[in-house]
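Chemist: I have a structure I would like to understand better, so I am pasting it below and will then ask my questions one at a time.
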Amino acid sequence: MADVGTVGLVSDFNASVIEEFRANGGKVAVFGDTRLVILHTVGARSGQVRPVPLATLHAGGRTFVFASAAGAQHHPDWYHNLRANPRIDVEMADDTGTIETARARMRELPDPERAERLAQQAGLIPRFGEYVTSAAPREIPVFEIERLDAEGWRRGSRITTAVSVDRGASCAAKSSSVSPSGRQVTLLPSAARAVSIVQAVEGLITLLLHLPEPRPPPAPGPRPRS
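Sequential numbering of the sequence shown, starting at 101, is according to my numbering.
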C-alpha cells in the first residue's frame, strides 16, 4: 500500500495532467504524442466520482487503457472501482482538439487479447514495457472503452456528479457543469435533480436495449378425445 505522501504526490500529478489536458485540447507535454483520456470512475464504497487521466492505445477503431499503476505489484484503486461500476463518463479529445464526453462501458479484456494489447502498447512505449516487467507476477488488466449509444457524445460540456451514500438513508448529489468557455457553473438543487433523473432514464434505456428477445409461447398439445 502506498504511503500518504506518495498518494498526495500522485493526486497532485493527476490534477496537473487533467488541467493541461483540458486547457490544450487533450495534449499533455510529458506524454508527447500519446493520446490520453480522463475516466470519471465511481468509488466502489464511497460512490464518489473521481477523474483519472490515463494513456491509451488506439487500434482498429478501438480504445484501450491499462491498469499498470506505473509498474507496481498491486492494482490501482480505480481498477476495483471499474469492476464495481463499469459504466462511467469518459473525456476524450478528437483530432481537432475538441474535448468530448461520452457515457461508456469499461470492458475488461480476457486472455489472450489482454496479453496481445499489453505487448502492442509495450512495443509503442518502451517505458510501458518496463512497467509490465516490474509489475510481475501481477498481470496488468486491460480495459476497452465501449461507448454506450444511448448516451452518445456531448461536445463542449462536461458534467460531473459527486455522490455520497449514507447506508440506510437517501443519496445526496452535488453537481457542477463546465461551459465551453471553461467557466465553472454550479447547478441549483433542482438542476442537480434533473441531471440525476436524466442519468437514471439513460441507464434504464441502456438496460432495455440489452434485454433478450422474448421467447414465443409453447405450441398447444393435442386435445384429449372424449
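Backbone N, C-alpha and C fix where the C-beta goes; we use that ideal spot for every residue, glycine too.
Compute the Euclidean distance between the alpha carbons of A292 and T233, then round it to the nearest angstrom.
Modeler: Only weak support exists for where A292 lies, its pLDDT of 42 falling under 50; the coordinates are left without a value.
Chemist: What residue does the beta strand (DSSP E) around A204 start on, and which one ends it?
Modeler: Unbroken beta strand (DSSP E) run through A204: I199 to E208.
Chemist: Does DSSP put A269 in a helix, a strand or coil?
Modeler: The predicted model places A269 with a pLDDT of 34, which falls under 50 and marks its position as unreliable, so this point remains unresolved.
Chemist: Thinking L209 and V242 are a contact (beta carbons under 8 Å), I'd like their distance in whole angstroms, please.
Modeler: With 8 Å as the limit, L209 and V242 qualify as a contact, their Cβ atoms being about 5 Å apart.
Chemist: When every heavy atom of the ligand NAP is checked, does at least one fall within less than 7 Å of the C-beta of A202?
Modeler: Within the structure as shown, the ligand NAP is missing, as the structure has no ligands at all.
Chemist: Would you check if the distance between the CB atom of N181 and the CB atom of G125 is smaller than 8 Å?
Modeler: Cβ distance not < 8 Å, so N181 and G125 don't count as in contact.
Chemist: Just tell me which of E239, T141 and P153 has its CA closest to the CA of R183.
Modeler: Ranking the options by Cα distance to R183, first place goes to T141.
Chemist: If I'm right that V117 touches M192 with Cβ under 8 Å, what's the distance once you round it to whole angstroms?
Modeler: That belief does not hold up - the Cβ atoms of V117 and M192 are roughly 14 Å apart, past 8 Å.
Chemist: Starting from the C-beta of T156, find all residues in its chain whose C-beta is less than 6 Å away, skip the five residues before and the five after it, and write them out in chain order.
Modeler: Excluding residues within five positions, the ones whose Cβ falls inside 6 Å are R135, V137, T163 and V165.
Chemist: When you compare only the Cα positions, how much space is there between H174 and I199?
Modeler: Approximately 31 Å, taken between the alpha carbons.
Chemist: Based on Cα-Cα distance, which residue from D194, A202 and T196 lies nearest to I188?
Modeler: When only C-alpha atoms are compared, the closest one is A202.
Chemist: I believe P153 touches N185 by the beta-carbon criterion, under 8 Å. Please report the beta-carbon distance rounded to the nearest angstrom.
Modeler: No, P153 and N185 are not in contact; Cβ-Cβ is about 18 Å, not under 8 Å.
Chemist: Who pairs with V219 in a beta bridge, going by DSSP?
Modeler: Looking at the sequence itself, residue 219 is Ala, so the reference to Val does not match. According to DSSP, which records beta bridges pairwise, A219 is partnered with nothing at all.
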